[in-house]
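Take any residue in the sequence shown, count from 1 to its spot, add 932: that is its number in this note's numbering. Ideal placement from N, C-alpha and C gives every residue a C-beta, glycine not left out. Structure first, then comments.
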Amino acid sequence: MREMITQPADRQSEYRKLPAVDVLLRLPAVALLAAEYGDAAVTTGVRAVLAAARTAIAAGDPAPAAEAWAALVQTHLAAADVPSLRPVINATGVIVHTNLGRAPLSPAALAAVQAVAAGYSSLEYDLAAGVRGSRHDHARQLLRELTGAEDAMVVNNNAAAVFLVLSALCQGRGVLISRGQLVEIGGGFRIPDVLRQSGAHLVEVGTTNRTHARDFAAAVTAETAAIMRVHSSNFKQVGFVTMPELDELAALAHGRGMLLVDDLGSGTLLDTAAYGLAPEPMVQQSVAAGADLITFSGDKLLGGPQAGLIVGRAELVERLRRHPMARALRVDKMTLAALEATLRSYRRGRAVDEIPVWQMIAAPADDLATRATRWQARLAEAGIAAQVQPGESAVGGGSLPGETLPTWLLAVDHAAPDAAAARLRRGSRPVVCRIQHDRLLFDPRTVLAEQEGPLLDALVVGLDNA
Ligand SMILES: *Cc1c(COP(=O)(O)O)cnc(C)c1O
């Protein structure tokens, strides 16, 4: 306020130096920008730059110099042209990072998306017969082969899969679920809410920590449609805990004319125990144990695109396909292309070599140490001190809670680690890392090989004043 009173004349003269919008638009350098960004964007940019200048003058700054305007407009347009959804380098060591887009796709999946999305495709066309086909046919055979299920269907995500199964097969009837499995997955997906939305009635069975087959048996009535098992994806119960085995529940359900629905969450086709992790339930095991319908995600441990996969008995899957909601939950050609290519890696027995999520899980600690040491040397050349230290990576994505994989981290001590991490996030190639005890930690496990160069460039710029 005091300034406003003591310097009004100066301020007025600064305001008077601001050119009119059309004067700026006619500057040759600004007019040239229209070819790149479009007339409307340039006009918007000019107005924004003038508004910023007015704000700056009000705060006591001088007006920009006459020759500075074109550059200001260009800087503004370039910043406004950066996409909102951008690639990020994930140095957190969390493999299936939901906030960072979950599973990176394999090169084969990317190539399939590119090939199918750039032109027309056989999405709903039977090339052999020359007649209309079904998009549901594309991943179907592969999913049947890989899981042993009679039939399969793909929807938008696993939440949609659960919702469709309950809506189509359990509406207006009871669904028995153990009290220990009334879980919240995250992002507002809570099993009791999904049940309510689907029109099924939740029947809680047993207790939080212990539910027996006899608890389910005692809860069955004439209006019970199904027993549902929900995998405790993102939490762990230890101690005095029991849940019936799936085959026990299958026998009970089938003996009483009910369905057994198994929401596996991540699900996996490969055995996580072979990689030093706790066993995550496998889809094939659920099929073999007698679950009638099994739902799981495409972009968790499967390592493919966002999708909800439903496998199970043919007559039931057929009812799901015919349900009116199936149309609302269907996937597009890019998803199907990526999914099919991902599943083909499994069929070839090459998933661990070709699918990034599994390459990361299987990465040997020695390789990670070698990479971290190489990064350390590169930073040393740029005058940035860093250490290599042992640490832990996580599978993430709401699977295998508490389970970690031993790794080697690049660690950088920093006086202002939060500010440095923010700089790395805001760079032209955003990097997301961890901070622990004032150290920035970078885990090679989740950094793809082709991202190493850009990562090191970003670190040299972002950690400059370490
Ligand atoms: C992750 C998960 C879901 C939701 O799957 P999305 O593919 O994210 O929709 C549902 N149920 C369980 C048990 C999960 O772990």
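Can you determine whether any heavy atom of ligand 1 sits closer than 6 Å to the C-beta of residue i, and answer yes or no?
i, result
"R1029", "The displayed chain sequence assigns His, not Arg, to residue 1029. No; taking the cut-off as 6 Å, the Cβ of H1029 has no heavy atom of ligand 1 nearer than that."
"I1117", "yes"
"D993", "no"
"D1195", "yes"
"A1091", "yes"
"S1229", "yes"
"S1054", "no"
"S1165", "yes"
"G1330", "yes"
Please classify residue i as buried or exposed, where buried requires at least 16 other C-beta atoms within 10 Å of its C-beta.
i, result
"P960", "exposed"
"E935", "Only weak support is given to the placement of E935: the predicted model assigns it a pLDDT of 49, under 50, and the value that follows is read from those uncertain coordinates. Flag for E935 reads exposed."
"K1232", "buried"
"P1376", "buried"
"S1066", "exposed"
"M933", "A caution first: M933 carries a pLDDT of 49, below 50, which makes its placement in the model too unreliable to give a value."
"S1360", "exposed"
"E1116", "exposed"
"N1088", "buried"
"G1240", "buried"
"T1378", "buried"
"E1155", "exposed"
"L923", "Residue coverage of the chain in this structure runs from 933 to 1398, which leaves residue 923 outside it and unanswerable."
"G1189", "exposed"
"V1263", "buried"
"F1374", "buried"
"L1059", "exposed"
"T1007", "exposed"
"I1367", "exposed"
"A1221", "buried"
"A952", "exposed"
"H1163", "buried"
"Q1383", "buried"
"Y1278", "buried"
"E1286", "buried"
"E946", "buried"
"P1036", "buried"
Over the uninterrupted alpha helix (DSSP H) stretch that includes residue i, give me the two end residues.
i, result
"F1374", "Counting along the chain, F1374 falls outside any alpha helix (DSSP H), though it belongs to the beta strand (DSSP E) covering 1371 to 1374."
"E1324", "Taken as a continuous stretch (DSSP letters only), E1324 belongs to no alpha helix (DSSP H), being part of the beta strand (DSSP E) at 1319 to 1328."
"Q1006", "1001 to 1012"
"D1179", "1178 to 1187"
For the beta strand (DSSP E) that contains residue i, what are its first and last residues?
i, result
"T1339", "1336 to 1345"
"L1192", "1191 to 1197"
By the three-class DSSP mapping on this structure, what secondary structure does residue i have?
i, result
"M1292", "helix"
"E961", "The question names Glu, but residue 961 in the sequence shown is Ala. In the structure shown, A961 sits in a helix (DSSP, three-state: H, G or I)."
"E935", "Reliability fails at E935, whose pLDDT of 49 lies under 50, so the model's placement of it is uncertain and no value is given."
"R1355", "helix"
"T976", "helix"
"R1361", "coil"
"T1156", "strand"
"V1162", "strand"
"Q1308", "helix"
"A1398", "Only weak support is given to the placement of A1398: the predicted model assigns it a pLDDT of 48, under 50, and the value that follows is read from those uncertain coordinates. Reduced to three states, the DSSP call for A1398 is coil."
"R1018", "coil"
"Q1368", "strand"
Checklist entry - What runs of the beta strand (DSSP E), each 3 residues or longer, lie entirely inside the stretch 1086 to 1150? => result 1106 to 1110, 1116 to 1118, 1133 to 1137
Item to check | Completely contained beta strand (DSSP E) runs for the stretch 1024 to 1090, where each covers 3 or more residues | outcome: 1026 to 1028, 1083 to 1087
Item to check | Residue ranges of each beta strand (DSSP E) within the stretch 1216 to 1290, 3 or longer | outcome: 1225 to 1229, 1240 to 1244
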